[in-house]
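Peer 1: Residues in the sequence shown are numbered from 76 upward in steps of one, following the working numbering.
Think of the CB as a built atom: it goes at the ideal place given N, C-alpha and C, for glycine as much as any other residue.
Since the model is a prediction, treat every value here as computed from it, not as a measurement.
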Amino acid sequence: MKLTKMLSIMALCASTASAQTNLGTGIDRANMNLKANPGTDFFEYAAGGWNNSHPLTPEHSRYAQFDLLTEQTQKNLRGMIEQLAEKNAPQGTIEQKIGSLYRLATDSVRRNQEDYAPIKPFLAEIDAIKSRQGVQFEVAKLLTMGIGTFIALGCEADLKDSEWNLMQLYQDGLSMGERDYYFKDDEATQKVREAFKTYVAQLFSLTGCNAEDAARNAQTVMALETKLAEDFYDAVKLRDVEGNYHKMTYRALLEDFPGIDWGTVMLLNGIPSFENICVGQ
């Protein structure tokens, strides 16, 4: 937790240091197209200048001010972390932990030598699952390590009472992010699905599967995620704040969704007792 707070403070300082100052107002008119008629094309009127000076490149699906700020923050953070990685900070300090973690993450030679050995224990645990309860226990355990499963938990401000924080529960488990990628039949989306299956097969190959087994496992993953996606909202419905706000008591969660061992999920993830939770979708 201390490491997370340290990185958050660093990110805030970095973004603040790189922010522009002395703007006369909160609106930079250079980012607008004042020649456009707002009644005809308000988007062009409000953002035409920005779009012209920041053309969208292939790696982005969107690029706005906050995306630029994020890039600047990440660049500044990288510089700060690389400086810590070069120092010989006292053992056990936050500085030493950040530096050691960065050196470990960027040591590609060591990672290639280790192959997939570091995740073998997790794969063995998954292979040993024999029951529904075992699946739920493993899901709860993976969540503690930040590994995505079919649910996501967090604590955020209550959208209807910002003075209070509220536990949030969301559906998760779609590697491709959005429901449409699993069901749209246009050529572009079909190519995305095929590329995804190829990618998943490559991952299985890296863990020792032969080509035939890897391809079959990739099909299984695709089928599982497609089944999950059936009950996901599409991107449009996810924008509906009211439609995604379902505040209930923890007791109601247990009664309405008894198929999941919520007690184990909360206990393993160190979540203290709480009264209310918001269930998305």
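How big is the Cα-Cα spacing for Gly124 and Asn106?
Peer 2: Residue mapping note: residue 124 aligns to position 49 of the sequence shown, counting from 1. Residue mapping note: residue 106 aligns to position 31 of the sequence shown, counting from 1. Going by the C-alpha atoms only, they are around 4 Å apart.
Peer 1: Can you tell me where the beta strand (DSSP E) holding Lys205 begins and where it ends?
Peer 2: Stepping through the sequence shown from its first residue, residue 205 is reached at position 130. Premise fails: Lys205 is in no beta strand (DSSP E) and is neither H nor E.
Peer 1: Taking Ile194 as the reference, give the member of Gly174, Phe279, Ala298 with the closest Cα.
Peer 2: Reading the sequence shown from its first residue, position 119 is the one you call residue 194. Residue Phe279 is the option with its Cα nearest to Ile194.
Peer 1: Determine whether the beta carbon atoms of Asp255 and Asp309 lie at a separation below 7 Å.
Peer 2: Here residue 255 refers to the residue found at position 180 when the sequence shown is read from its first residue. Here residue 309 refers to the residue found at position 234 when the sequence shown is read from its first residue. Yes. Within cutoff.
Peer 1: Which residues bound the beta strand (DSSP E) around Glu238?
Peer 2: In the sequence shown, residue 238 corresponds to position 163, counting from 1. Element bounds for Glu238: 236 to 246.
Peer 1: Hey, out of Asp247, Arg268, Gly248, Ala263, whose CA is closest to Tyr257's CA?
Peer 2: As a first step, residue 257 must be located in the sequence shown, where it is residue number 182. Taking only the C-alpha atoms, the option nearest Tyr257 is Arg268.
Peer 1: Can you tell me the Cα-Cα spacing of Gly209 and Thr295, whole angstroms?
Peer 2: Counting from 1 along the sequence shown, the entry for residue 209 is found at position 134. Counting from 1 along the sequence shown, the entry for residue 295 is found at position 220. Spanning the two alpha carbons is a distance of roughly 19 Å.
Peer 1: Just mark Thr273 as buried or exposed, buried being the case when its beta carbon has 16 or more other beta carbons within 10 Å.
Peer 2: Position 198 of the sequence shown holds residue 273. When all chains shown are included, Thr273 counts as exposed.
Peer 1: Under 7 Å between the Cβ atoms of Gln362 and Gln356?
Peer 2: Nothing can be reported for residue 362, as the shown portion of the chain is limited to 76 through 356.
Peer 1: Let's test the definition: count the other Cβ atoms within 10 Å of the Cβ of Leu328 and tell me whether it reaches 16, buried, or not, exposed.
Peer 2: Here residue 328 corresponds to residue number 253 of the sequence shown, with the count starting at 1. Under this definition Leu328 is a buried residue.
Peer 1: Going by C-alpha to C-alpha distance, which of Ile335, Leu343, Gln149 sits closest to Arg207?
Peer 2: Your numbering for residue 207 matches position 132 in the sequence shown. The shortest Cα separation from Arg207 among Ile335, Leu343, Gln149 belongs to Ile335.
Peer 1: With a threshold of 16 other CB atoms inside 10 Å of the CB of Glu317, please say whether the residue is buried or exposed.
Peer 2: Walking along the sequence shown from the start, residue 317 turns up at place 242. Result: exposed.
Peer 1: Between the Cα of Gly345 and the Cα atoms of Ala289, Glu170, Gly229, which residue gives the shortest distance?
Peer 2: By one-based count along the sequence shown, residue 345 stands at place 270. Ranking Ala289, Glu170, Gly229 by Cα distance to Gly345 puts Gly229 first.
Peer 1: Taking 8 Å as the cut-off, does the region 162 to 173 touch the region 141 to 150 (at least 3 CB pairs, one atom from each stretch)?
Peer 2: The region 141 to 150, when compared against the region 162 to 173, does not touch it at the 8 Å Cβ threshold.
Peer 1: Relative to the C-alpha of Ala196, which candidate in Asp261, Val354, Glu213 has its C-alpha closest?
Peer 2: On the sequence shown, residue 196 is found 121 positions in, with the first residue counted as 1. In the sequence as displayed, the identity of residue 196 is Pro instead of Ala. Residue Glu213 is the option with its Cα nearest to Pro196.
Peer 1: Taking a contact to mean a Cβ-Cβ separation below 7 Å, would you say Leu343 touches Lys216 in this structure?
Peer 2: Position 268 of the sequence shown, counted from the first residue, corresponds to residue 343. Position 141 of the sequence shown, counted from the first residue, corresponds to residue 216. For Leu343 and Lys216, yes; Cβs fall inside 7 Å.
Peer 1: Could you check the C-alpha separation between Leu303 and Leu249 for me, to the nearest Å?
Peer 2: Within the sequence shown, the letter at position 228 stands for residue 303. Within the sequence shown, the letter at position 174 stands for residue 249. C-alpha separation (whole angstroms): 7 Å.
Peer 1: Under 7 Å between the Cβ atoms of Ala276 and Ala263?
Peer 2: Numbered from 1 along the sequence shown, position 201 holds the residue referred to as residue 276. Numbered from 1 along the sequence shown, position 188 holds the residue referred to as residue 263. It is not a contact, given that the beta carbons lie outside the stated cut-off.
Peer 1: Who are the near neighbours of Gly223 in its chain, counting only those whose CB is closer than 6 Å to its CB and skipping five residues on each side?
Peer 2: As a first step, residue 223 is located in the sequence shown; it is residue number 148 there, counting from the start. Closer than 6 Å at the Cβ level, and outside the excluded window around Gly223, lie Asp247.
Peer 1: Between Ala94 and the rest of its own chain, which residues show a CB-CB distance below 7 Å, the 5 nearest in sequence each way excluded?
Peer 2: On the sequence shown, residue 94 is found 19 positions in, with the first residue counted as 1. At Ala94 the pLDDT is 49, less than 50, meaning the model places this residue with poor confidence; the figure from the coordinates comes in the next sentence. None.
Peer 1: Just how far apart, CA to CA, sit Val184 and Val311?
Peer 2: On the sequence shown, position 109 is the one that residue 184 refers to. On the sequence shown, position 236 is the one that residue 311 refers to. Roughly 44 Å between the two C-alpha positions.
Peer 1: State the DSSP-derived secondary structure class of Asn344, mapped to helix, strand or coil.
Peer 2: By 1-based counting over the sequence shown, the position of residue 344 is 269. Coil, per DSSP.
Peer 1: Using DSSP's beta-bridge definition, name the partner residues of Asn292.
Peer 2: Counting from one through the sequence shown, the residue named residue 292 turns up at place 217. Asn292 is not bridged to any residue.
Peer 1: Glu170 and Leu159 - do their beta-carbons sit closer together than 7 Å?
Peer 2: For the purposes of this step, residue 159 is taken as the residue at position 84 of the sequence shown. For the purposes of this step, residue 170 is taken as the residue at position 95 of the sequence shown. Yes.
Peer 1: Helix, strand or coil for Asn351? Go by DSSP, reduced to three states.
Peer 2: Counting from 1 along the sequence shown, the entry for residue 351 is found at position 276. Correct three-state label for Asn351: strand.
Peer 1: Could you tell me how far apart the beta carbons of Leu241 and Cys353 are, in whole angstroms, since I believe they sit closer than 8 Å?
Peer 2: The count along the sequence shown starts at 1 and reaches residue 241 at position 166. The count along the sequence shown starts at 1 and reaches residue 353 at position 278. Going by Cβ atoms, the distance from Leu241 to Cys353 rounds to 5 Å, so yes, they are a contact pair.
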